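Down below is the structure, laid out as structure tokens.
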Amino acid sequence: MRPQPDLMYRTGIRLWVGVAAVLCSAQTLSAQAVRQLTLREVIRQVQEKSPELRAERLNQDLAKADVLTAGLRPNPSLNNQSLQLMQPSHFPEGTNAINRKNRQIWWQLTTPVNVAGQRQKSVALAEETVELNRLNYAETERNLLRSAAQTWLDAWSAYQTVVYTERLQHNLDTLVQISDVRLRNQVITQTDRSRTQLLADQYRLRGRTARQAYQNQLTRLRYLLQTTDSLEVDRMDSLFFRPADWLTDKDVSGLAQDRADVRAAGQAITVAQRNADLQQALRIPRPELGAIYNPQNGVPYLGFYGTMALPFFNKNQGEIRKARIAEDQSRQVAGYTRRQALTEGQVALRNYTTQRDNLTRYAAIRQQGAAVLASVRYAYFRGGTAIVDFLEAQRAMLSIEEEYLATEVAYRQAFIDLLFVTGQIQRIANP
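Right under this line is the structure:
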């Protein structure tokens, strides 16, 4: 029995609906698979997954192991000496070689003694070194996050270039089509049409270059994030437009003084001081004390053992001198690091303020340029102006667009620099 036409029609409709649903689902899943990256997410992911930071964290574990080592007490030493009488003629009557009366045994148990707080000062030095390693890790993280933020900004800039070149390319392709029509109608010359085509070809090449640059930056981001997912940068990252007007020279100076490298420089002074204290304590010889049990020819003796180096020549002078020099050096480094942080903070704030104002002004210029281009385009389509004027207005607008993009990149760069020099770049992942 042959199927009815209505049944075949309904079956076909269901089939096409099913196919459309599958295609829509695939497109939805594909869209969901592409991750939109904000700067905050990049910072968070780098902090969690960076192999460089994971390796750097192990230095903190190494420093903690040094604390454990410094706190260990020395092991006691056990010493044995046995002397055997060799000539039988000297054996006491009725004894043989294995008799205890023909043998002397020496048992000695000793241990080094902690003097001048040497163990306590070693522990104090190791504990301060742990804190120094923690601050060094924070400084490594700060610099790595700056590099990650710069990579994100490069990707964002490349993406913006792709967007505006593709938009311009579409407009220029449309203009080429209109020029072809006008050339056939003998409204414009071949030269005018060629000028339009040359401008379109120029931006087609720019678009290819921009797309490749964007893909290169995304590849770098995938490495930083340790992922193989499809990525895109978020064009409208609100982080860059949060109010920063509350920042003053005083605020920035305070934040810059609290950043990781400044605190690490200050902690290095403390470490140098603890090392100087330890080296001073080590100039005192460390005695070794213990007990002796010494059976001689069957007669037991019990005694005391003690030894100590006499500090006539070696009083740890070299290490003490090095510790003092290291302390002076740490103070100098801390001094210029604080001054450098203060200077960088002031420069970063002023640059941020300047670039923010420039962006506001260029936004107004961009609007004016768009209005002029729209007016010239309208006049051209109405036949009120020549194509040369329209192309010149188009080139002027392209120049304004490029300058506006450069200004916006400079503004975002200044914002990242401000986060970096104030140490806030490590805190934006968890606002």
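Sequence positions in the sequence shown follow my numbering and run 1267 to 1697. Note that the Cβ used here is the ideal one computed from N, Cα and C, for glycine as well. Here the structure is a predicted model, which means the values were calculated and not measured.
Asked                                                                                                                                                                          : Found
On the DSSP letters alone, give me the boundaries of the alpha helix (DSSP H) that residue 1610 sits inside.                                                                   : 1583 to 1647
Does DSSP classify residue 1656 as helix, strand or coil?                                                                                                                      : helix
Restricting to Cα atoms, I'd like to know which of 1695, 1413, 1465 is closest to residue 1437.                                                                                : 1465
What three-state label does DSSP hand residue 1377 in the structure shown?                                                                                                     : strand
Enumerated in chain order, which unbroken segments of the beta strand (DSSP E) with a length of 3 residues or greater are wholly contained in the stretch 1345 to 1421?        : 1369 to 1378
Taking the alpha carbon of residue 1552 as the reference point, which residue from 1307, 1332, 1340 has its own alpha carbon closest?                                          : 1340
I need the boundaries of the beta strand (DSSP E) containing residue 1571, first residue and last residue.                                                                     : 1568 to 1573
Should residue 1691 go down as buried or exposed, given a rule of 16 or more other Cβ atoms within 10 Å for buried?                                                            : buried
On the DSSP letters alone, give me the boundaries of the alpha helix (DSSP H) that residue 1546 sits inside.                                                                   : 1526 to 1548
Would the beta-carbon of residue 1534 fall within 9 angstroms of that of residue 1486?                                                                                         : no
Mapping the DSSP letters down to three states, classify residue 1687 as helix, strand or coil.                                                                                 : helix
Using the rule of at least 16 other Cβ atoms within 10 Å of the residue's Cβ for burial, across every protein chain shown, is residue 1686 buried or exposed?                  : buried
I'd like to know if the stretch 1368 to 1380 and the stretch 1547 to 1563 are in contact, where contact means that at least 3 CB-CB pairs between them fall below 8 angstroms. : yes
Looking at C-alpha atoms only, which residue of 1459, 1525, 1326, 1320 is the closest neighbour of residue 1492?                                                               : 1320
Does the Cβ-Cβ distance between residue 1659 and residue 1638 come in under 9 angstroms?                                                                                       : yes
Sorted by chain position, which residues of the same chain lie with C-beta nearer than 6 angstroms to residue 1678's C-beta, five sequence neighbours on each side aside?      : 1419, 1506
Give a yes or no on contact between the stretch 1314 to 1331 and the stretch 1526 to 1544, applying the rule of three or more CB pairs nearer than 8 angstroms.                : no
Compare the C-alpha of residue 1477 against each of 1446, 1425, 1635, 1439 and name the closest.                                                                               : 1425
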